[in-house]
Structures are given as C-alpha cells and as structure tokens.
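Asker: Note that the working numbering has the sequence shown beginning at 9, numbered continuously upward.
For glycine and all other residues, C-beta sits at the position ideal for the given N, C-alpha and C.
This structure is a prediction, so every number in the text was calculated from the model and none was measured.
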Amino acid sequence: MTAVKKLLAAAVVVAFAAFIVLRILKLKEMTLATREIPVKHLNCHYLKDVEHGAEDITILKNGLAFLSTGLNYPGFPSSPDEPGKIYILDLLHPKPTPVELQIKGELNLTTFNPHGISVYIDEADDSVYLFVVNHPHHKSEVEIFRFVQENTLVHLQTITHPLLYSVNDIVAVGVESFYATNDHYFLNHSLHLLCLILGLPWCEVVYYSPTAVRVAANGFMSANGINISPDRRHIYISDILDHEVDVYERQEGEQLVHQKSVAVGSLCDNIEVDYTTGDLWLGCHPNGLKLSKYNLEDPPGSEVIRIKNILSEQPVVSQEYADDGHELTGSSVAARYEGKLLIGSVIHKALYCDLQ
Ligand SMILES: [Ca+2]
Ligand SMILES: [Ca+2]
9 MTAVKKLLAA AVVVAFAAFI VLRILKLKEM TLATREIPVK HLNCHYLKDV EHGAEDITIL
69 KNGLAFLSTG LNYPGFPSSP DEPGKIYILD LLHPKPTPVE LQIKGELNLT TFNPHGISVY
129 IDEADDSVYL FVVNHPHHKS EVEIFRFVQE NTLVHLQTIT HPLLYSVNDI VAVGVESFYA
189 TNDHYFLNHS LHLLCLILGL PWCEVVYYSP TAVRVAANGF MSANGINISP DRRHIYISDI
249 LDHEVDVYER QEGEQLVHQK SVAVGSLCDN IEVDYTTGDL WLGCHPNGLK LSKYNLEDPP
309 GSEVIRIKNI LSEQPVVSQE YADDGHELTG SSVAARYEGK LLIGSVIHKA LYCDLQ
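1. Taking 6 Å as the cut-off, does the CB of Asp277 come closer than this to any heavy atom belonging to ligand 2?
2. Nearest to Leu288 by CA position, among Asp306, Glu305, Ala73 and Val312, is which residue?
3. To the nearest angstrom, report how far apart Gln322 and Pro307 are at their CA atoms.
4. Return helix, strand or coil for Pro340, following the three-state DSSP convention.
5. Residues in the same chain with beta-carbon distance under 7 Å from His251, minus the five sequence neighbours each way, listed in chain order, please.
6. How about Phe155 and Leu164: are their beta carbons less than 7 Å apart?
7. So, at 7 Å on beta carbons, what are the nonlocal neighbours of Cys203 in its own chain, with the 5 sequence-adjacent residues on each side left out?
8. Between Asn159, Asn121 and Ser135, which has its C-alpha nearest Ser148's C-alpha?
9. Looking at the structure shown, is Pro122 part of a helix, part of a strand, or coil, going by DSSP?
10. Between Asp177 and ligand 2, is the CB less than 6 Å from at least one heavy atom?
11. Tell me the residue span of the beta strand (DSSP E) that contains Ile28.
12. Only counting the same chain, and skipping five residues up and downstream in sequence, which positions put a Cβ closer than 6 Å to that of Thr166?
13. What's the call for Arg240, buried or exposed, on a 16-neighbour Cβ count within 10 Å?
14. In this structure, what does DSSP give as the bridge partners for Leu97?
15. Should Asn232 be counted as a contact of ligand 2 given a C-beta to heavy atom distance under 6 Å?
16. At a cut of 8 Å, does the region 350–362 reach the region 56–63 through at least three beta carbon pairs?
17. Should Arg344 be labelled buried (16 or more other beta-carbon atoms within 10 Å of its own) or exposed?
18. Between the Cα of Tyr256 and the Cα atoms of Ala224, Ile94, Leu350 and Lys34, which residue gives the shortest distance?
19. Bridge partners of His293, per DSSP?
20. Is any heavy atom of ligand 1 found at a distance shorter than 6 Å from the C-beta of Ser126?
21. Suppose you measure from the CA of Lys36 to the CA of Thr219; what does that come to, to the nearest Å?
22. In three-state DSSP terms, what is Ile351?
23. Thinking C-alpha only, which one of Thr105, Thr66 and Tyr81 is nearest Ile129?
24. Please specify which runs of the beta strand (DSSP E), each continuous and at least 3 residues long, are wholly inside the region 106–168, giving them in chain order.
25. Helix, strand or coil for Ile45, going by three-state DSSP, please let me know.
26. Please say whether Val221 and Tyr187 have beta carbons closer to each other than 7 Å?
27. Report buried or exposed for Leu115, applying the criterion of at least 16 other Cβ atoms within 10 angstroms of its Cβ.
28. Report yes if the C-beta distance between Val179 and Ser217 is below 7 Å; otherwise report no.
29. Quickly, what does DSSP pair Thr189 with across the bridge? List them, please.
30. From Asn80, Gly71, Arg258 and Ala26, pick the residue whose C-alpha is nearest to that of Pro106; which is it?
31. Please report how far the alpha carbon of Glu305 lies from the alpha carbon of Pro170, in whole angstroms.
32. The beta strand (DSSP E) with Ile318 in it runs from where to where?
33. Going by alpha carbons, who is nearest to His143 out of Glu158, Asp134, Thr119 and Glu131?
34. Tyr215 and Val183 - do their beta-carbons sit closer together than 7 Å?
35. So, using beta-carbon positions, are Met229 and Asp247 closer together than 7 Å?
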C-alpha cells in the first residue's frame with residue numbers, strides 16, 4: 009500500500025469512528041439518558057390485582073375502563089407464569105375494583121399477550137368492540153372482541169398482515185378497521201439498535217380495513233401511542249424517540265396528512281383523549297436508558313403529561329404527575345375520567361388517583 013492509500017484508509021477509519029461517536033451521543037440525547045425529574049405526586053393508591061403492568065387503558069363515556077395487563081415484551085422482565093388478561097373497572101362505583109373479563113371463542117388464551125387497546129362503539133346498535141394488539145410468541149396480531157354483559161369478551165377475529173409487523177398500539181375507526189403503529193422496523197435486536205444508532209426513521213403507521221391495507225403515514229423513529237380526536241377528524245401519534253406528538257388529519261381513503269408536531273420533552277408512550285375537553289393525556293418515560301436497563305436499584309421513573317388545545321396555535325403542555333420509580337416504574341398510559349386519573353405501567357402496577 010502506498011503512503012497516500014494508507015493515509016486515505018486512516019482518514020476513512022477516523023471519519024467512520026467520529027460518525028459512530030456522534031450517533032451514539034445522539035442516541036443518548038434521544039433516550040434522555042441523563043434526565044432526572046423531581047417527584048410530583050397526586051393522591052393515589054394501587055389498583056387491586058394489577059401486579060404485572062397495565063400497559064394500556066381506555067375509558068368509555070359511561071365510566072367503564074378497560075385495562076390490558078400482563079405484557080411480555082422483549083427486553084423487559086417477563087410475567088411470572090401467567091398469560092395476559094383484560095380487566096374492566098367501573099369508575100362510577102364508589103370503590104372501583106378491577107374485574108377480569110372472561111374471554112369466549114377460538115382465541116388461544118395460554119399465549120395471550122395483550123399490548124395496545126382501543127374501543128369502537130357502533131352507533132347503529134351501541135355494540136362495544138374492543139381491539140387488542142396481541143403478541144403470541146412475540147408475533148404481532150390484532151384481536152377484535154365484542155364486549156357483552158356479564159363481563160365477557162367474545163372473540164370475533166384475528167387479523168395478521170405483513171404490514172402489521174411490530175404493532176404497539178391501535179385506534180379503531182370502524183367495526184373492522186383501524187390504524188396501527190409499528191414501533192420497530194427490524195425485529196432483530198441488533199439491527200434495531202443499528203437503526204437507532206444511524207437514526208433511520210423507517211417505522212410506519214398502517215391503515216387496515218378488510219378491503220384495503222396500506223401505509224397511512226411514515227417517517228417515525230418508533231411509532232408508539234395512537235388515538236383520535238373527539239370529532240374523529242384528527243389522529244395523534246406519539247413518536248416516542250422524537251419526544252413529539254404528531255397531529256394528522258384524516259383524508260379520504262384514510263391517508264393521513266401531517267399538520268403539526270408538539271414537543272413533549274419526554275418519551276411518551278400511549279395517548280388517551282378526554283372526550284369532554286379533547287385534552288391529550290400521555291403516559292411517558294422520563295429516561296429511556298433507565299427504562300431499557302430496568303434495574304430496580306435505579307428504577308425507571310414515571311411521568312404524566314397533558315396537552316390542552318392541541319389543535320390551536322398555542323397548545324399547552326403540562327406535567328401532571330412525576331415519580332422517580334419508587335411509587336410507579338415505567339408509566340405507559342394515563343386516562344382521565346371526571347376527577348379521577350388512572351395511570352398504568354408497562355410491567356409494574358397501576359394507580360388510581362384523585363385529581364381534586
Ligand atoms: Ca391505545
Ligand atoms: Ca405503547
């Protein structure tokens with residue numbers, strides 16, 4: 009090798025090393041790896057029987073809350089030996105207690121691993137449909153159930169599709185149609201990490217209906233929570249590693265057109281929308297590095313953020329709850345109903361809080 013070639017080779021190696029160092033610094037920034045937050049507690053108690061997470065929660069207008077519990081997710085300590093469950097909680101009851109819903113139908117309950125959930129009410133007959141992201145053997149599928157009295161879910165169908173490859177959350181927009189977020193582009197852990205180091209925003213949000221399945225929006229580092237405005241014209245998506253909530257307008261054909269992004273300063277997971285005010289309530293992870301390590305000696309904290317007037321020129325972003333991980337680790341969802349707030353977590357407990 010000539011001296012010039014050696015010099016060139018050395019320059020390439022140095023440039024590559026500098027690039028990787030810069031990307032790793034960027035990754036530290038993305039995960040808010042050094043962030044610590046002061047505690048800001050509410051008047052809360054733990055919900056009975058929720059011991060391994062309530063990753064997602066959604067509340068109906070009549071005060072019934074659905075909770076998706078027992079998630080087994082790669083990289084997190086797994087649930088003792090029980091499959092996941094769906095609970096219901098009546099917030100109008102003087103002492104709300106979670107009740108496990110019985111599941112009827114063909115679904116294999118031994119591998120049930122529920123993640124994001126969404127409810128759709130068919131206005132024709134007031135039927136309540138519960139859509140659940142399920143990861144049997146760490147695959148991704150969407151289960152559609154019908155909620156019937158007495159505390160029963162009837163399994164109607166399982167939906168799988170190549171575009172639904174790493175589903176985190178869904179929002180139902182019809183009895184058989186929904187939008188779904190993908191949180192990983194590569195399922196392989198090393199390739200996923202490489203994707204993050206290189207900063208490749210390749211994750212997609214997909215529209216599904218029995219007659220059409222398509223990418224509705226793309227360009228996400230990791231698309232996590234998704235929900236809809238009370239008038240059903242806008243879709244909100246949390247791009248968790250970008251610390252932003254993206255607002256989209258629904259167009260004909262269910263394509264999504266980006267309107268704006270609102271900075272939230274935290275790694276926000278699921279989104280719940282207060283149907284009376286239109287406010288967004290977000291369960292967030294203050295420090296993504298602590299969350300990925302999940303070391304109980306230095307636990308990941310919890311944070312609840314609210315966005316008021318998101319569609320106006322000046323949305324108001326406020327922190328409503330914060331914990332260093334000693335009360336609640338890894339908060340993933342916050343859902344308000346009148347003066348109450350439910351806060352769920354990926355694999356820890358769930359809190360029932362009084363806002364007054
Ligand atoms: Ca959800
Ligand atoms: Ca989520």
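Answerer: Per the coordinate set shown:
1. Checking the 6 Å criterion, the Cβ of Asp277 is within range of a heavy atom belonging to ligand 2.
2. Nearest Cα to Leu288 within the set Asp306, Glu305, Ala73 and Val312: Val312.
3. Between Gln322 and Pro307, the alpha-carbon positions lie close to 34 Å from each other.
4. Note that residue 340 corresponds to Ser in the displayed sequence, not to Pro. For Ser340, the secondary structure class from DSSP, reduced to helix, strand or coil, is strand.
5. The beta carbon of His251 sits closer than 7 Å to the beta carbons of Ala271, Val272, Gly273, Ser274 and Leu275 from its chain, once the five residues preceding and following it are set aside; these are given in chain order.
6. In this structure, Leu164 does not lie closer than 7 Å to Phe155 by Cβ.
7. So the qualifying residues of the chain are Tyr193, Phe194 and Trp210.
8. Selected option, being the one with the closest Cα: Asn121.
9. Reduced to three states, the DSSP call for Pro122 is strand.
10. Result yes, Cβ under 6 Å from ligand 2.
11. Where Ile28 is concerned, there is no enclosing beta strand (DSSP E), although the alpha helix (DSSP H) around it starts and stops at Ala11 to Met38.
12. Cβ neighbours of Thr166 beyond the five flanking positions: Glu149 and Glu151.
13. Arg240 is exposed by the Cβ-count criterion.
14. Paired residues: Ala73.
15. At least one heavy atom of ligand 2 falls within 6 Å of the beta-carbon of Asn232.
16. Judged by Cβ distances under 8 Å, the region 350–362 makes contact with the region 56–63, as three or more pairs qualify.
17. When all chains shown are included, Arg344 counts as buried.
18. Closest option to Tyr256, Cα to Cα, is Ala224.
19. In DSSP, His293 forms a bridge with Leu275.
20. At least one heavy atom of ligand 1 is nearer than 6 Å to the Cβ of Ser126, so yes.
21. Between Lys36 and Thr219, the C-alpha separation is close to 42 Å.
22. DSSP places Ile351 in strand when its eight states are reduced to three.
23. Looking at the Cα atoms, Thr66 is the closest of the given residues.
24. The qualifying runs are 110–112, 122–130, 135–142, 149–156 and 160–167.
25. In this structure, DSSP gives Ile45 a state outside helix and strand, which the three-state scheme calls coil.
26. The beta carbons of Tyr187 and Val221 sit no closer together than 7 Å.
27. Leu115 is buried by the Cβ-count criterion.
28. No, they are not a contact pair.
29. Thr189 pairs with Val213.
30. By alpha-carbon distance to Pro106, the top candidate from Asn80, Gly71, Arg258 and Ala26 is Gly71.
31. For Glu305 and Pro170, the distance between alpha carbons rounds to 40 Å.
32. Premise fails: Ile318 is in no beta strand (DSSP E) and is neither H nor E.
33. Of Glu158, Asp134, Thr119 and Glu131, the residue nearest in Cα terms is Thr119.
34. No, Cβ-Cβ distance for Val183 and Tyr215 is not below 7 Å.
35. A contact, by the Cβ cut-off of 7 Å.
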